[in-house]
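Step one of this worksheet: look at the structure below.
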Amino acid sequence: MYLIYTDETGTNNHPNIPFSLYGGLVVHESSVLKFEMQIIEIVQEFLGFKNMLEAEVHFTEIFNYIFHNKKPSKPRKLKEFEEDIFPLIKTKTKEDVTQFIAELFQLISKANIPFLFSTIDKRDEYHKNHHLENEEISHNAYAFKGFINLVDRFLTQKQEMGLLVADDFSNQIPKKLKQLSSIELISDKTIKENPNVKEIVYKRVLAESLVWKNRFLKDAIPQNSIAPLKYKFESNSFNLIDNINFVSSKESILNQISDVLLYVIRKMKEYELNKDAYPEVTIFFENEDLLSTIQFLKKHNIIQETGIAKNNGKIDIYVEYKSSNG
Numbered sequence: 024m025y026l027i028y029t030d031e032t033g034t035n036n037h038p039n040i041p042f043s044l045y046g047g048l049v050v051h052e053s054s055v056l057k058f059e060m061q062i063i064e065i066v067q068e069f070l071g072f073k074n075m076l077e078a079e080v081h082f083t084e085i086f087n088y089i090f091h092n093k094k095p096s097k098p099r100k101l102k103e104f105e106e107d108i109f110p111l112i113k114t115k116t117k118e119d120v121t122q123f124i125a126e127l128f129q130l131i132s133k134a135n136i137p138f139l140f141s142t143i144d145k146r147d148e149y150h151k152n153h154h155l156e157n158e159e160i161s162h163n164a165y166a167f168k169g170f171i172n173l174v175d176r177f178l179t180q181k182q183e184m185g186l187l188v189a190d191d192f193s194n195q196i197p198k199k200l201k202q203l204s205s206i207e208l209i210s211d212k213t214i215k216e217n218p219n220v221k222e223i224v225y226k227r228v229l230a231e232s233l234v235w236k237n238r239f240l241k242d243a244i245p246q247n248s249i250a251p252l253k254y255k256f257e258s259n260s261f262n263l264i265d266n267i268n269f270v271s272s273k274e275s276i277l278n279q280i281s282d283v284l285l286y287v288i289r290k291m292k293e294y295e296l297n298k299d300a301y302p303e304v305t306i307f308f309e310n311e312d313l314l315s316t317i318q319f320l321k322k323h324n325i326i327q328e329t330g331i332a333k334n335n336g337k338i339d340i341y342v343e344y345k346s347s348n349g
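For my numbering, add 23 to where a residue sits in the sequence shown, where the first one is 1.
Laid out in structure tokens, this is it:
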């Protein structure tokens, strides 16, 4: 069995963030412990985190401070940052962070740990025509759908089952929604009335992918898919265990590292789109070791990406496979 440690980035409906990514590390159960121990050593050496249970690697905050000298604006997050993170990173440099990132990518190369993700371009026109009349719902639904489609393809090739491991987002769901049944929670009505609660969108997408083997779900959830594709049956998941395993990300270093990798990939995509708008990312592209490692990972399909595109009026998933001989 594979454990899939997931996270997302760029999900906020912000005009300056053109890409939304959902992805994660796909780790075979036999490799989890040794891989996790290596990750912890890298974090301790390059970021100075000594006790991984006392401080969480919130990479957005680390990046914003070291690259922009900005601290969190919200009082609660600012308090946590100043108490837990700032004392550890106050002397770190951009070069330290870049080397930390390079070490992470090199480790997943050495350990052959797949990193799979889905990218959504939020500027695409089809988001504006979503049947629930909200672009943010469309972004999140298609990002997650692309990801579980890619993961299911991987698991099919391996003839293995997979368990999604995600950050416990129960505190992100408003109290009024927690009183609803699991079916009411993922209804069109609930999602449309709460478009920024991305967690219930993910639940709906996963439920839709499993209706083929659950008659109750088939009869209960709307027939109109929240993220319709050109090929209806492509949306079915055959190798994912039915429920997402929710954990506190503070207690799961591999979920934290998925967040780091996704954030870095998103920033690099933004830089390639507009170099002048993201000059802080230049240092990543000046690090030849980092770039060559990422290229190697893509060439050998250790890093795999899927996207969504509309062709001839139909929305379809494409997978960017590379030839290892190319």
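Using N, Cα and C, we set each Cβ at its ideal position, and we do this for glycine too.
- Rounded to whole angstroms, the separation of the alpha carbons of E343 and L320 is 12 Å.
- For a cut-off of 8 Å, the C-beta gap from I62 to I325 is around 16 Å, too long to register as a contact.
- If the five residues before and after L313 are omitted, its C-beta is found closer than 8 Å to the C-beta atoms of T121, I124, A125, F128 and F307, all from its own chain and listed in chain order.
- Residue pairing from DSSP places A189 in a beta bridge opposite F269.
- With contacts defined as CB atoms closer than 9 Å, L56 and Y28 fail to qualify as a contacting pair.
- Here the alpha carbons of K226 and N194 stand approximately 15 Å from one another.
- With a minimum length of 4 residues, the unbroken runs of alpha helix (DSSP H) contained wholly in the region 293 to 317 fall at 305 to 309.
- Counted as a single uninterrupted DSSP element, the stretch harbouring Q61 is not any beta strand (DSSP E) but the alpha helix (DSSP H) occupying residues V55 to L70.
- Rounded to the nearest angstrom, the Cβ distance from A164 to V66 is 32 Å, too far for a contact under 8 Å.
- In the DSSP assignment, K133 falls within the unbroken alpha helix (DSSP H) covering K117 to K133.
- H81 is classed as buried because its beta carbon has at least 16 other beta carbons within 10 Å across all chains shown.
- Here Q180 is exposed: its Cβ has fewer than 16 other Cβ atoms, across all protein chains shown, within 10 Å.
- Between the region 291 to 308 and the region 199 to 214, the count of C-beta pairs closer than 8 Å stays below three; the two stretches do not touch.
- Per DSSP, the continuous alpha helix (DSSP H) segment holding N172 begins and ends at E158 to K181.
- In the DSSP assignment, N219 falls outside any alpha helix (DSSP H), carrying neither H nor E.
- In chain order, V234 and W235 place their CB closer than 8 Å to the CB of K241, counting only its own chain and leaving out the 5 sequence neighbours on each side.
- With contacts defined as CB atoms closer than 9 Å, F104 and P95 qualify as a contacting pair.
- Here Q202 carries a coil assignment [DSSP, helix/strand/coil].
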